[in-house]
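Residue numbers (this note's numbering), protein chains in the order written: chain A, 1129 to 1369; chain B, 1129 to 1369. All C-beta atoms in this analysis are idealised placements derived from N, C-alpha and C, irrespective of residue type, glycine included.
Encoded structure:
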């Protein structure tokens, strides 16, 4: 278990613009650990005592239904934060968290965040901004479950990945393996395979391992975004740059 | 257009516990109108200048994809609030809003809320609580789209309605018509009809117009909640009472 510096925390959006003494205090209670793939950080229903920041690797958030089906709620990557919304009554984790790819995770006490949120309005407003953004993403995802085909949902994931990568070339790198990606998109592995084959035919893309090559993004965006209420390129990713 | 009293606003969760002078100021810029079914309050992409509270009737929030499919994001009822999450940059409405059942709507300027959020920590924390709750609901909805059948999704809606009604008897009143309910649950009307028939057979419930009669909620909850990660009764509704 290692200590965390205030400088490392200042890159995380919910700590943006905080005074150095506030950042120092938060950092003094933060710890980072390297966790191996498969490690469970917490289980759905556990009392929520910490929130977490992904420094490297990937974290899978999932739930299991009473009859044993697993749903992947999200897969988190570098600088993503989770558990920070558990600030109020009945603060039990609403999902389980598992390390999906070995990496470094920072953990911080929720009691500190709760205390600071009431004392320091900058933190309350930063949290509000972060959680509002998450809410908008969930709305878009729910819309897509209704309007997009499995093939288009994969296309949407790839287009958003291309915007995040900002390589300027239409080469898209899958951030994690296809099994996990299928689960993240709410698909059975067979559905995912069939849909990916269809997407190759529709767009002329070539897949080499984790790399996807396209001549341009035009065919992919025309095919995918016709069933979305937002025009490509998505503003939330463009504004980030 | 009528004025709104501070007392009327104080019942809305995001205004809970505010000082009387803050409530008076907010109320002084609030207006209420009676709108007829079909009236459009705003269109997806419009610049967001107001947020709204439903005093009576129902409001449908929806999006239209570029190829013309409509997705219902939510249907709001008495004391529900919407548009309050548009506090940050690029504040354009992420969906359209239409009056689904004639009623009274209170409108308030977002610029006031934004100003107060930076000045008044009570409002920032109240907003955070409200938006966190919404986020948890979306996560559960996304889970259900993956794990529950159409029949179970209707069952879940009915069980949650029974908890909200708190009549103590397993008589559930549909809050709005079946066409709108089908759209709210992301189903085609035919899928909804078939799924509802299946639910009647599975649970022995009787439907008379908008009223659903059951001997107990046990059969309905056993059938529905087996494909959910949360045990019946749902805590978020129990804690409200």
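| Asked | Found |
| --- | --- |
| Residue-chain proximity (residue 1208 of chain B, chain A), Cβ-Cβ < 7 Å | no |
| For residue 1208 of chain B, the nearest candidate out of B/1332, B/1187, B/1224 and B/1238 (CA to CA) | B/1187 |
| Residue-chain proximity (residue 1259 of chain A, chain D), Cβ-Cβ < 7 Å | As a matter of chain content, chain D is missing from the structure shown, whose protein chains are A and B. |
| Sequence ranges, beta strand (DSSP E) only - wholly within the stretch 1260–1342 of chain B, length at least 3 | 1299–1301, 1334–1336 and 1339–1341 |
| Contacting positions in the stretch 1319–1342 of chain A - beta carbon closer than 8 Å to chain B | none |
| Residue 1278 of chain A and residue 1301 of chain A closer than 7 Å at C-beta | no |
| Reduced DSSP category for residue 1136 of chain A - H, G, I as helix; E, B as strand; rest coil | helix |
| Which listed residue (B/1287, B/1315, B/1318 and B/1260) has its alpha carbon closest to that of residue 1303 of chain B | B/1287 |
| Spatially closest choice to residue 1290 of chain B from B/1265, B/1340, B/1328 and B/1160, by CA coordinates | B/1340 |
| Same chain, Cβ closer than 6 Å to residue 1224 of chain B, neighbours up to 5 away in sequence not counted | 1171, 1172 and 1190 |
| Below-7 Å beta-carbon distance, residue 1252 of chain A vs any chain B residue | yes |
| Residue 1354 of chain A: contacting residues in chain B (beta-carbon distance under 8 Å) | 1193, 1194 and 1195 |
| Min CB distance residue 1271 of chain A to chain B below 7 Å | yes |
| Coil, strand or helix - residue 1143 of chain B by DSSP | helix |
| Pairwise C-alpha distance: residue 1253 of chain B and residue 1201 of chain B | 25 Å |
| Start-end ranges of the beta strand (DSSP E) lying completely within the stretch 1170–1208 of chain B, minimum 3 residues | 1178–1182, 1186–1192 and 1198–1204 |
| Alpha-carbon to alpha-carbon, residue 1293 of chain B and residue 1299 of chain B | 9 Å |
| Nearest candidate by alpha-carbon position, reference residue 1261 of chain A, set B/1180, B/1215 and B/1332 | B/1215 |
| Boundaries (first-last residue) of the beta strand (DSSP E) holding residue 1162 of chain B | 1159–1163 |
| Identity of the residues DSSP links to residue 1210 of chain A by a beta bridge | A/1180 |
| The stretch 1148–1158 of chain A / the stretch 1235–1246 of chain A touching (three or more Cβ pairs under 8 Å) | yes |
| Per-residue burial, residue 1307 of chain A [other beta carbons within 10 Å of its own, 16 or more giving buried] | exposed |
| Minimum C-alpha distance to residue 1195 of chain B - residue among A/1351, A/1365 and A/1362 | A/1351 |
| Cross-chain neighbours of residue 1215 of chain A in chain B, by beta carbon under 9 Å | 1253, 1256, 1257 and 1260 |
| Sequence-distant residues of its chain with Cβ nearer than 8 Å to residue 1166 of chain B (five each side left out) | 1226 and 1227 |
| Inter-residue CB distance, residue 1143 of chain B and residue 1179 of chain B (contact presumed, cutoff 8 Å) | Contact flag wrong, Cβ pair sits at about 12 Å. |
| Cβ of residue 1349 of chain B within 7 Å of any chain A Cβ | no |
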